[in-house]
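Right, one structure below, let's go through it.
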Amino acid sequence: MPDLAATLETIVDDMRRETERGAVADYIPELAKIDPRKFGVAVALADGRVAAAGDCDEPFSIQSVSKVFALTLALGKIGDALWRRVGREPSGNAFNSIIQLEYERGVPRNPFINAGAIVVTDAILAGHKPREAIGMILRFARELAGADSVVIDGAVAKSESETGFRNVALAAYMKSFGNLLNPVDMTMGVYFHQCAIAMSCRQLARAGGYLAAHGRQFDGHRVVTPEAARRINALMLTCGHYAASGDFAFRVGIPGKSGVGGGVLATVPGVASIAVWSPGLNAAGNSLLGTLALERLTHAMDWSIFGD
Ligand code: GLN
């Protein structure tokens, strides 16, 4: 196996030199302030070792990567009943598209597009106050990352609460079909805070360990059943990059979930959990250099789940 640390250093050097870096998300004003030259990567191996390079210790807004952790929590809370409210098919549409919701009667295609993630958050919120639900999600993220320093970035949450009209529209539309249990403003308050969780690549790679190790963190702590971990990976592979999920599978060959903060969490089943961060996005809203870096990494390490 090639040397992982050296491979990461080469990737960081190559990515620093790239001039085509994509565009930082500016529809959330607070995210528009992030320096597009940032680049970090971390790999947590199943044997407990961690290799990391670049801006790997700088916290960033994980945004939709949080959908993986929210789904994990919701499955733990209500199990398969969740699948009555959200589907398991790729959408082929933008992450914030409303178009399918009308003809599919308020049931989102999958838990990783915004509409689906809003339903998942709504399921976590049921029976709690918004403040408690936000606390549960943050505690879970901290526990997974093994770091109490993981926080919710209040400025990002506020920025999105003030401008997230399209997400509010998705929630209101699903409410009209009876697929939202709580008041729209309550569910969206929790959703915006969940998206504003900030973590470093090193923390995020560690947080995703259970997906690579049959539902247990690398230290042995059980998070979910092996079946749930397997299914979440399947959804990450098929739906984790919105309308570019096929392209990600084609190029990178492992399950991955992106966020508009420029982060990607990816799993090499049985082997490693990977986090990468580069704030510039491609046209589908996924990290441009994050995807390229993962493509280089899985190729160099022979990590595609589809063979060499
Ligand atoms: N908070 C973002 C939104 O709802 C998350 C989207 C994303 O990361 N793709 O628009």
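Numbering of the sequence shown is given in the working numbering, commencing with residue 824 and proceeding in unit increments.
Think of the CB as a built atom: it goes at the ideal place given N, C-alpha and C, for glycine as much as any other residue.
Since we're looking at a predicted model, the values are computed, not measured.
Taking C-beta atoms as the reference points, S914 and I936 count as a pair closer than 8 Å. Distances from the alpha-carbon of G902 to those of V1083, I1128, A1052, G987 put A1052 closest. CA-to-CA, the gap between A1036 and A1098 works out to about 16 Å. Around the beta carbon of D1042, fewer than 16 other beta carbons lie within 10 angstroms, which makes this residue exposed. Note on geometry: alpha-carbon atoms of D849 and G871 lie some 37 Å from one another. Relative to the ligand GLN, N933 has its C-beta separated by 7 Å or more from all heavy atoms. Inter-residue distance for L948 and R908 is about 15 Å (C-alpha atoms, whole angstroms).
Boundaries of the beta strand (DSSP E) harbouring L868: 863 to 868, taken from the DSSP string. Look at C1024: its beta carbon is at least 7 Å from all of the heavy atoms in the ligand GLN. For T830, the closest alpha carbon among the candidates S1127, A1123, I1128 is that of A1123. Remark: the C-beta of N916 is outside contact range of the ligand GLN, defined as less than 7 Å to any heavy atom. The Cβ-Cβ distance between W1100 and K856 does not fall below 8 Å. R1029 is positioned such that its CB atom lies no closer than 8 Å to that of G1038.
Residue range 889 to 901 is occupied by the alpha helix (DSSP H) that includes S889. Burial check for I922: the Cβ neighbour count within 10 Å stays below 16, so the residue is exposed. Annotation for N1105: G845, L1111 place their beta carbon closer than 6 Å to its own, counting only its chain and skipping 5 residues before and after. Remark: the shortest separation between the CB of C1018 and any heavy atom of the ligand GLN falls under 7 Å. A Cβ-Cβ contact shorter than 8 Å links A875 with C1024. Of the candidates P825, A1107, A994, A994 places its Cα closest to the Cα of E925.
DSSP places W1126 in the coil class of the three-state scheme, outside both helix and strand. A residue is called buried once 16 or more other Cβ atoms fall within 10 Å of its Cβ, and S887 is buried on that count. Distances between the C-beta of N919 and the heavy atoms of the ligand GLN include at least one below 7 Å.
Runs of the alpha helix (DSSP H) spanning 4 or more residues and lying entirely within the region 940 to 993 occur at 953 to 968, 977 to 986, in chain order. Within the DSSP secondary-structure output, L854 pairs in no beta bridge. Under the Cβ criterion (8 Å, minimum of three pairs), the region 951 to 968 counts as touching the region 882 to 899. Per DSSP, the unbroken alpha helix (DSSP H) holding L1027 starts and ends at 1024 to 1030.
Secondary structure at A1106: coil, using DSSP grouped into helix, strand and coil. Apart from sequence neighbours up to five positions away, the residues of its chain that approach C1062 with a beta-carbon distance below 6 Å are P913, N933, F935, S1068, ordered along the chain.
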